[in-house]
DNA sequence: ACCCGTTATCGAAGCGCTTCGACTCGAAGG
DNA sequence: CCTTCGAGTCGAAGCGCTTCGATAACGGGT
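Protein chains in written order, with my numbering: chain A, 365 to 701; chain B, 365 to 701.
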């Protein structure tokens, strides 16, 4: 194994000089730098990660805590992970993969043993047991999603309020006047899940701004519930021409229910979904949708982390603007008067 | 930060004794061990990973090289990754996530810098550029899949020959006498992709053993190609009653083509697929299938790695027995004579 | 000509842990 | 009773790197 003293000897300098060439923490004359760089190249030198971590108390590794119990939408997670790894590498860091199951002990372990310098925590719950731990750990961290008590923590997520509003804007531009948001099951609203409420708020406020009639209806999973929801919706709002669906599992059943109710998409009803692009593209009628920008979230997370590691201040909350992709499920309102 | 000297002082022993308690590399009296363990617990001591790696030249980290460009069947990869992480943790190791894109340089980097002790490489191609590198790296590694030149490398995969045979056995038990294997596109066979050939070999040999009529037909992707393949198959083998499909993208089109040809599954035709369980379950008629046992592959990979790290000998090739899951797409042959 | 501030480099002191040889002590063997 | 041996413990020497003074050389201001 070639070490820093080998490089130094060959370049005719001291080890510390080599170190400074590598880190750029002190000025080095051009001539010396070149000799050192040549020496490094010729010997194929790589600093020993452990030695470096020990001496500098920086491991240049970040932990990525992922829910690996497959279940939630997996390709999206994958995209996110890929983006985290790539961005981390661009900042000369590596990524240690932790599962959600390792839980608080896992976090404490990698933090206390100085295995990692920072943490990216996915799938943060509203009342996540890890929150107090993260506060006390003394390592920079970024959370994907917003817990109830987010003060002092760096969080990032899609801007759900803006998303609700953007969907309404899109429908408004197409001439729709009466719209509904089909949201999460009642339990989710009851538990005060941040993103559900925020979407609804953005949706409602935008509808008011446009002078549209709007409703928000929770929707339980399963085909019967979907049919029931749709029946009620159509009964109470006979002139409904646009819906926004923010409920992935209910999406299929709802679409079927609309069809069964005699509504064609998009001729009679425009539909906007909040779901991964894959799902939107795969539907019978490809759906106009807003997706969670996984790659961007990953990239921004790491950048926030790097900023924190560099001692820079970063905002507590980062909300990413929604991007609506137009597909076949939305169309101008037919003026049938 | 609490360090080994703190633990030692509190337990009234020397640091080396603490180290030996932790590693078990020398015998320690029960009394001392207990005092040390108490001290560790009370102080919440965690060895510094970097220091440990430096002193012992073992990082207790394994690299997992994953194709993160989503594309291939993602949930399966996820399952595999989860299993690798979990198993590694059970052996007191962590997992560093690398992307395929980092390629050879990435491997060299983590190896030379002693960031990791061993490598798990997924998605190994037949003529993979990383093979020679892996040979020369001097780190234990396990490959998922078999490259052309596998001698001296530890590889693991589903036993495709046994899989082909198992599918035939299943059909034979149901009374089928004339079966076909619809395989990969011609290119794949031409490139001599190991698993395609092996499946075909197992399939054919088993059919012969059972005295069945059998054919192997490659199948290009796309609906028109599928229809053509099916037409030809039925023309040449009018008494065909069972097929095995080893071609994920062609699976859907083939099923449609059979339907269009007037064959009902499973009444007229029994179908066995080689594909992820998810896909098999999601089909219109749930498919009897053999899946790649991702979780088991992950677990076994890590165990092979640990064995190698411990200096034990391991077999070059590990072939996992297929497990066929019976679903609705296979049925006893109707005896219409 | 003198002092000062840069710039460029070096030497040495650790970072926290493991490991090797050496040492002690009590029990077993002659 | 003295040797021998193994079990149990300690001290010290690194592992390969970073970083903190210290030092020297060299202008520039006055």
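Note that CB positions come from ideal geometry on N, CA and C, so glycine has one too.
Please state whether DSSP places residue i in a helix, a strand or coil.
| i | result |
| --- | --- |
| residue 521(B) | strand |
| residue 655(B) | coil |
| residue 444(A) | helix |
| residue 507(B) | strand |
| residue 388(A) | coil |
| residue 463(A) | strand |
| residue 533(B) | helix |
| residue 606(B) | strand |
| residue 373(B) | helix |
| residue 477(A) | coil |
| residue 619(B) | helix |
| residue 670(B) | helix |
| residue 688(B) | strand |
| residue 568(A) | helix |
| residue 501(A) | helix |
| residue 694(A) | coil |
| residue 415(B) | helix |
| residue 483(A) | strand |
| residue 641(B) | helix |
| residue 427(B) | strand |
| residue 471(B) | helix |
| residue 458(A) | strand |
As a quick exercise: from the options, pick the residue whose alpha carbon is nearest that of residue i.
| i | options | result |
| --- | --- | --- |
| residue 514(A) | 531(A), 493(A), 474(A) and 662(A) | 493(A) |
| residue 614(A) | 604(A), 643(A) and 633(A) | 643(A) |
| residue 384(B) | 677(B), 366(B) and 411(B) | 411(B) |
| residue 486(A) | 380(A), 474(A), 400(A) and 464(A) | 464(A) |
| residue 547(B) | 437(B), 537(B), 536(B) and 561(B) | 561(B) |
| residue 377(B) | 401(B), 365(B), 519(B) and 674(B) | 401(B) |
| residue 428(B) | 419(B), 418(B), 420(B) and 458(B) | 458(B) |
| residue 395(B) | 389(B), 407(B), 387(B) and 381(B) | 381(B) |
| residue 630(A) | 388(A), 696(A) and 476(A) | 696(A) |
| residue 478(B) | 587(A), 597(A) and 415(A) | 415(A) |
| residue 474(B) | 473(A), 460(A), 484(A) and 474(A) | 460(A) |
| residue 572(A) | 589(A), 533(A) and 558(A) | 533(A) |
| residue 542(B) | 462(B), 677(B) and 598(B) | 598(B) |
| residue 372(A) | 398(A), 387(A), 403(A) and 467(A) | 403(A) |
| residue 360(B) | 609(B), 559(B), 502(B) and 430(B) | Nothing in the structure corresponds to residue 360(B), since chain B is present only between 365 and 701. |
| residue 574(A) | 626(A), 537(A), 398(A) and 496(A) | 537(A) |
| residue 632(A) | 616(A), 646(A), 656(A) and 602(A) | 602(A) |
Could you name the residues of the same chain whose beta carbon sits closer than 7 Å to that of residue i, not counting the 5 residues immediately before and after it, in chain order?
| i | result |
| --- | --- |
| residue 527(B) | 563, 566, 638, 654 and 686 |
| residue 504(B) | 482, 669, 672 and 673 |
| residue 585(B) | 549, 613 and 614 |
Once the 5 residues before and after residue i are set aside, which same chain residues still bring their CB inside 6 Å of it?
| i | result |
| --- | --- |
| residue 591(B) | 621 |
| residue 701(A) | Note that residue 701(A) scores a pLDDT of 47, beneath 50, so its modelled location is shaky; the value from the coordinates is reported in the next line. Correct list: empty, nothing qualifies. |
| residue 440(A) | 640 and 658 |
| residue 368(A) | 379 and 382 |
| residue 366(A) | 407 and 409 |
| residue 539(A) | 696 and 697 |
| residue 662(A) | 444, 447 and 448 |
Contact check, residue i vs residue j under 8 Å by CB: the rounded distance?
| i | j | result |
| --- | --- | --- |
| residue 424(B) | residue 456(B) | 6 Å |
| residue 529(A) | residue 604(A) | In fact, because the Cβ distance is near 19 Å, the residues do not count as touching under 8 Å. |
| residue 491(A) | residue 525(A) | In fact, because the Cβ distance is near 21 Å, the residues do not count as touching under 8 Å. |
| residue 636(B) | residue 694(B) | 6 Å |
| residue 580(B) | residue 568(B) | 6 Å |
| residue 476(B) | residue 684(B) | Wrong, their Cβ atoms sit about 32 Å apart, outside the cutoff. |
| residue 688(A) | residue 583(A) | About 21 Å; that fails the 8 Å criterion. |
| residue 391(A) | residue 506(A) | So it is not a contact: roughly 34 Å between Cβ atoms. |
Near residue i, what residues of its chain come up, given a Cβ to Cβ distance below 8 Å and the 5 sequence neighbours on each side ignored?
| i | result |
| --- | --- |
| residue 406(A) | 374 |
| residue 499(B) | 516 and 517 |
| residue 680(A) | 514, 515, 516, 517, 518 and 519 |
| residue 648(B) | 619 |
| residue 650(A) | 644, 691, 692 and 693 |
| residue 660(B) | 447 and 684 |
Any heavy atom of the ligand NAP within a distance shorter than 6 Å of the CB on residue i?
| i | result |
| --- | --- |
| residue 568(A) | Annotation note on the ligand NAP: not contained in the displayed structure, which lists no ligands. |
* Asked: What are the residues of the stretch 618 to 641 of chain B that lie near chain A, defined by any Cβ-Cβ distance shorter than 7 Å?
  -> none
* **Positions along the stretch 396 to 423 of chain A whose CB lies within less than 7 Å of some CB in chain B** => 410, 411, 412, 413, 414, 415, 417, 418 and 423
* **Contact residues within the stretch 660 to 675 of chain B, judged by C-beta distance below 7 Å to chain A** => none
* Interface positions of the stretch 428 to 454 of chain B facing chain A (Cβ-Cβ less than 8 Å), listed along the chain -> 428, 432, 433, 434, 438, 439, 441, 442, 443, 445, 446, 449, 450 and 453
* When Cβ atoms are compared, which residues of the stretch 480 to 508 of chain B fall closer than 7 Å to chain A? -> none
* Asked: When you check each C-beta in the stretch 463 to 477 of chain B against every C-beta of chain A, which residues fall closer than 9 Å?
  -> 463, 465, 466, 470, 472, 473, 474, 475, 476 and 477
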